[in-house]
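*Asks:*
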Amino acid sequence: MPKSNVKLMQGNEACVEGAIVAGMEFFAGYPITPSTEIAELSAAKLPKIGGKFIQMEDEIASISATIGASLTGKKSMTATSGPGFSLKQEGIGYAIMAEIPCVIVNVQRGGPSTGLPTAPAQGDIMQARWGTHGEHSIIALYPSTVKEIFYTTIKAFNLSEKYRTPVILLMDEVIGHMREKIEIPNKDEIEIYNRKEPTQAPSDYKPYEIKNGDIVPEMASFGKGYRYHVTGLVHDETGFPTSDHEVAEKLITRLVNKIEANKDDIVEYEEYRLEDADEAIIAYGATARSAKSAIDTLREEGRKIGLFRPITIWPVAEKQIEELAKRVRSITVVEMNLGQYFEVIDRIAGKHTKVVKYGRVNGELINPKEIIAFINNRRG
Amino acid sequence: MVSHLVEKYFRTETLPHIWCPGCGNGTVTRAIVKAIDNLGLDQDQVCIVSGIGCSSRAAGYLDFNTVHTTHGRALAFATGIKLANPKLTVIVITGDGDCAAIGGNHLIHAARRNIDITTIVFNNNIYGMTGGQYSPTTPTGDKGTTAPYGNIDANFDLCNLAVSAGATYVARSSLSNPNMIIKQVEEGIKNKGFSFIETLTTCPTYYGRKNKKGDGVEMIRYLGEKTINKIAYDKLPEEKRKDKIIIGEIFRGDRPEFTEEYQKVIESIKGEI
């Protein structure tokens with residue numbers, strides 16, 4: 033009998049499994065609830081495949097070491113939760129500016145500050161978008177099941193390599209710690225993207241030059257004979273710093289546009305029972321699961337209601353949300369915060385339909401019953 | 061005539077450098093490339109990582125794999141680089157503020173791990189890049205723009221810190237003896253473990269001006285008078301030791317190196333699923 037690939041797995045575990053399938057060879061982390069299992073499992077698994085794990089002295093050191101390892105050509109990841117995510121913003125900005133691929137997992141917990149360490153919250157939506165200073169764009173993905181964590185982690189690595197940018201994987205504490213059935217696919221069934229390395233003579237290599245048809249510059253690994261300079265300062269094609277205003281404008285615009293102009297490739301979402309819907313819920317992560325259940329019940333009661341679930345939380349699925357707004361009479365944004373994503377949806381959909389929010393911040397998962405009650409009461 | 065060190069190891073297109081007249085950073089940077097040249101290292105296999113500050117600009121001028129990181133984090137980036145590719149010779153260039161204040165935690169733990177990185181601290185006793193604020197190595201009583209009435213903080217003995225934290229090669233040198241800097245960088249690179257070299261350098265623009273220490277030449281002369289080799293210091297009577305700064309090799313240890321220990325872990329579990 034062939035060995036079964038069906039496993040019962042925790043969300044945090046699925047993240048590590050996905051990362052290894054994606055090609056992760058380096059992990060640097062710092063213990064923090066509720067993401068610690070990701071570090072523990074990386075510590076156990078990476079040396080078995082010749083990879084490296086290191087527990088650094090703090091969160092900033094972890095992201096810094098992650099970026100350093102990526103410069104040597106190794107796919108690298110770090111994982112944390114709210115308080116650590118705050119500290120990692122410095123490194124995220126550096127990775128954006130210097131275009132170093134890496135994956136940052138944030139298994140969210142209640143905040144601000146140490147907040148509710150073991151309780152779920154979706155309070156880091158805006159921090160994922162704007163946590164690091166300066167003008168920039170970001171890719172942030174938000175899985176909703178253990179199985180999806182596996183695939184989304186792979187996607188996070190692929191996008192980080194393809195767009196040479198840090199990718200944030202936002203997870204919910206409840207899914208990180210929940211066990212679900214997952215069928216691990218064969219490796220040859222999964223598409224893996226590796227960064228494009230230069231092939232020309234080192235003397236012809238300009239580390240930040242974009243060749244015709246490419247989205248990002250080719251990236252040489254340290255030690256391969258392409259000696260170049262990496263900096264968080266504004267730099268030109270050669271990688272050396274400059275304060276030239278034209279170069280600065282061109283660089284920052286390019287860093288933003290490489291993500292914003294490629295939304296069609298980056299944006300992923302799920303539509304659930306929306307075909308004939310005249311009202312919609314927008315929810316993501318664990319909250320979307322409650323929303324689906326609520327929708328099933330409301331449908332039985334005769335409501336034509338469906339769910340739009342962003343999997344790519346940043347950049348926003350603007351086109352799809354606007355399209356949805358034009359065909360429903362209301363959108364309810366349900367999230368475990370007081371309206372962080374609502375503000376975004378309202379900006380896009382508000383001119384076409386009524387957008388309302390339902391949120392909570394007490395550390396409890398939003399359940400289907402309260403979503404049903406909210407939708408029913410709102411009509412009255 | 062341009063020296064062969066400049067031709068071979070400097071990115072001449074990035075010169076002239078940004079350092080002020082009388083600044084010692086150029087001398088220390090030359091000492092580093094001279095040491096690399098003496099050791100005959102392959103440029104492609106050398107990685108220089110720096111933080112933020114005047115000294116950290118050196119990385120950009122040098123023709124190796126170079127990373128100019130965020131403030132204080134050079135050692136954390138370097139740790140990732142070295143662990144991910146232990147074949148690289150990893151050298152960290154940092155300053156007193158970068159290494160001992162904002163990056164102090166990373167220094168302690170890189171030393172504790174005894175990871176094979178050579179760190180050279182350009183200690184000019186001040187934050188130069190931001191305009192002369194007192195640093196963890198500004199001597200007590202001296203002035204900075206944020207210590208207008210004199211610094212009341214105790215200043216750090218960085219070499220003592222490195223020894224205590226577990227570095228296996230610790231040395232101090234001074235701009236008044238450039239050959240000693242070269243020798244120490246060579247020894248640091250040769251040491252299989254964490255090497256820490258503190259080099260006393262000059263900032264006439266801020267530290268010098270704020271404390272009436274004169275120009276670059278006068279400051280170097282002062283460093284020459286103030287510093288004493290460890291061997292000579294040990295022979296001095298107690299009353300003459302006061303106010304002297306020891307230079308030379310301060311400590312050598314022998315402990316397992318981090319990346320080699322990690323490799324042993326990999327070997328020991330090879331084949332396990």
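Top line first, the protein sequences correspond to chains A and B. Residues 33 to 412 (my numbering) make up the first sequence, in order. Residues 61 to 333 (my numbering) make up the second sequence, in order. We put the beta carbon where it would ideally sit given N, CA and C, even for glycine. This one's a predicted model, so the numbers in the text were calculated from it and none came from an experiment.
Taking 9 angstroms as the CB-CB limit, is Met56 (chain A) close to chain B?
*Replies:* no
*Asks:* Using a Cβ-Cβ distance under 9 angstroms, would Arg259 (chain A) count as near chain B?
*Replies:* yes
*Asks:* Could you check whether the Cβ of His166 (chain B) sits closer than 9 angstroms to any Cβ belonging to chain A?
*Replies:* yes
*Asks:* For Pro342 (chain A) and Lys142 (chain B), I'd like the C-alpha separation in whole angstroms.
*Replies:* 38 angstroms
*Asks:* Can you give me the C-alpha to C-alpha distance between Asn181 (chain B) and Phe216 (chain B), rounded to a whole angstrom?
*Replies:* According to the sequence provided, residue 181 (chain B) is Val. The question's Asn does not apply to it. Answer to the nearest angstrom: the Cα atoms are 13 angstroms apart.
*Asks:* Could you check what DSSP says for Lys147 (chain B) in three-state terms: helix, strand or coil?
*Replies:* coil
*Asks:* First and last residue of the beta strand (DSSP E) that includes Thr274 (chain A)?
*Replies:* No beta strand (DSSP E) holds Thr274 (chain A); DSSP gives it neither H nor E.
*Asks:* Against Phe272 (chain A), what residues of chain B qualify as contacts under a CB-to-CB distance less than 9 angstroms, listed in chain order?
*Replies:* Arg71, Glu73, Thr74, Gly120
*Asks:* Show which residues of chain A have a CB atom less than 7 angstroms away from the CB atom of Tyr322 (chain B).
*Replies:* Correct list: Lys84.
*Asks:* Are the CB atoms of Ala60 (chain A) and Gln87 (chain A) nearer to each other than 9 angstroms?
*Replies:* yes
*Asks:* Less than 7 angstroms between C-beta atoms, sequence neighbours within five positions excluded: which residues of the same chain meet that for Pro198 (chain A)?
*Replies:* Ile124, Ala127, Ile128, Cys134, Ile136, Ser192
*Asks:* Does the CB of Gln244 (chain B) have a neighbour CB from chain A at under 9 angstroms?
*Replies:* no
*Asks:* Alpha carbon to alpha carbon, how far is Ser255 (chain B) from Glu285 (chain B)? Give it in angstroms, no decimals.
*Replies:* 26 angstroms
*Asks:* Counting only Cβ-Cβ distances shorter than 9 angstroms, please list the residues of the segment 88–103 of chain A near chain B, keeping chain order.
*Replies:* Met88, Glu89, Asp90, Ile92, Ala93, Ser94, Ile95, Ser96, Ala97, Thr98, Ile99, Gly100, Ala101, Ser102, Leu103
*Asks:* Just to confirm before moving on: does the CB-CB distance between Ala118 (chain B) and Ile153 (chain B) stay below 9 angstroms?
*Replies:* It is a contact, given that the beta carbons lie within the stated cut-off.
*Asks:* Grab me the residues of Ala188 (chain A)'s own chain with a C-beta within less than 6 angstroms of its C-beta, minus the 5 sequence neighbours each way, in chain order.
*Replies:* Val135, Leu173, Val199, Leu201
*Asks:* If you follow the alpha helix (DSSP H) that Asp297 (chain A) is part of, which residue opens it and which one closes it?
*Replies:* 295–298
*Asks:* Quick one: Cα of Ala76 (chain A) to Cα of Arg71 (chain B), how far?
*Replies:* Rounded to the nearest angstrom, the two C-alpha atoms are 43 angstroms apart.
*Asks:* Where does Gln232 (chain A) land, buried or exposed, given buried means 16+ other C-beta within 10 angstroms?
*Replies:* Gln232 (chain A) should be labelled exposed.
*Asks:* Using a Cβ-Cβ cutoff of 7 angstroms, what residues of the segment 140–165 of chain B are near chain A? List them in chain order.
*Replies:* Gly140, Ile141, Leu143, Ala144, Asn145, Lys147, Leu148, Asn165
*Asks:* May I ask you to list, following chain order, the residues of the segment 62–84 of chain A that have a beta carbon less than 8 angstroms from some beta carbon of chain B?
*Replies:* Those residues of the segment 62–84 of chain A that come within reach of chain B (Cβ to Cβ, closer than 8 angstroms) are Pro79, Lys80, Gly82, Lys84.
*Asks:* Give the interface partners of Ala138 (chain B) over in chain A, defined as CB-CB distance under 7 angstroms, in chain order.
*Replies:* Gly100
*Asks:* If you draw a straight line from the C-alpha of Leu221 (chain B) to the C-alpha of Gly113 (chain B), how long is it?
*Replies:* So the two alpha carbons sit approximately 21 angstroms from each other.
*Asks:* For the beta strand (DSSP E) holding Asp204 (chain A), just list the boundary residues, first then last.
*Replies:* 198–204
*Asks:* From this set, A:Tyr195, A:Leu306, A:Tyr304, A:Ala160, which residue's C-alpha is nearest Val348 (chain A)'s C-alpha?
*Replies:* Per the C-alpha coordinates, the member of A:Tyr195, A:Leu306, A:Tyr304, A:Ala160 positioned closest to Val348 (chain A) is A:Ala160.
*Asks:* For the segment 167–185 of chain A against the segment 33–51 of chain A, are there 3 or more C-beta pairs whose distance is under 8 angstroms?
*Replies:* A contact exists between the segment 167–185 of chain A and the segment 33–51 of chain A.
*Asks:* Going by the beta-carbon positions, is the gap between Gly111 (chain B) and His261 (chain A) smaller than 9 angstroms?
*Replies:* Going by beta carbons, Gly111 (chain B) and His261 (chain A) fall outside the 9 angstroms limit.
*Asks:* Below 9 angstroms between beta carbons: does that hold for Ile313 (chain A) and Thr344 (chain A)?
*Replies:* Cβ distance not < 9 angstroms, so Ile313 (chain A) and Thr344 (chain A) don't count as in contact.
*Asks:* Mapping DSSP to helix, strand and coil, what is Trp79 (chain B)?
*Replies:* In the three-state reduction of the DSSP assignment, Trp79 (chain B) falls in the coil class, being assigned neither a helical nor a strand state.
*Asks:* Taking the alpha-carbon positions, what's the Lys243 (chain A) to Pro230 (chain A) distance?
*Replies:* 11 angstroms
*Asks:* Assign Tyr373 (chain A) to buried or exposed, taking buried as 16 or more other Cβ atoms, counted over all protein chains shown, within 10 Å of its Cβ.
*Replies:* Counting of Cβ neighbours within 10 angstroms places Tyr373 (chain A) among the buried residues, the total reaching 16 or more.
*Asks:* Distance, Cα to Cα, Asn183 (chain B) vs Thr197 (chain B)?
*Replies:* Near 8 angstroms, if we compare the C-alpha coordinates of Thr197 (chain B) and Asn183 (chain B).
*Asks:* Measure the alpha-carbon distance for Tyr225 (chain A) versus Thr259 (chain B) and round it to whole angstroms.
*Replies:* 45 angstroms
*Asks:* Quick check on the burial criterion: 16 or more other C-beta atoms within 10 angstroms. Buried or exposed for Gly142 (chain A)?
*Replies:* buried
*Asks:* Quick one: residues in its chain with C-beta nearer than 7 angstroms to the C-beta of Asn156 (chain B), no 5 flanking neighbours on either side, listed in chain order?
*Replies:* For the record, residue 156 (chain B) in the displayed sequence is Asp; it is not Asn. Only Val181, Asn183, Asn184, Asn185, Ser195, Pro196, Thr197 meet the Cβ criterion.
*Asks:* Between the segment 117–140 of chain A and chain B, which residues of the former have CB atoms less than 9 angstroms from a CB of the latter, in chain order?
*Replies:* Glu122, Gly123, Gly125, Tyr126, Ala130
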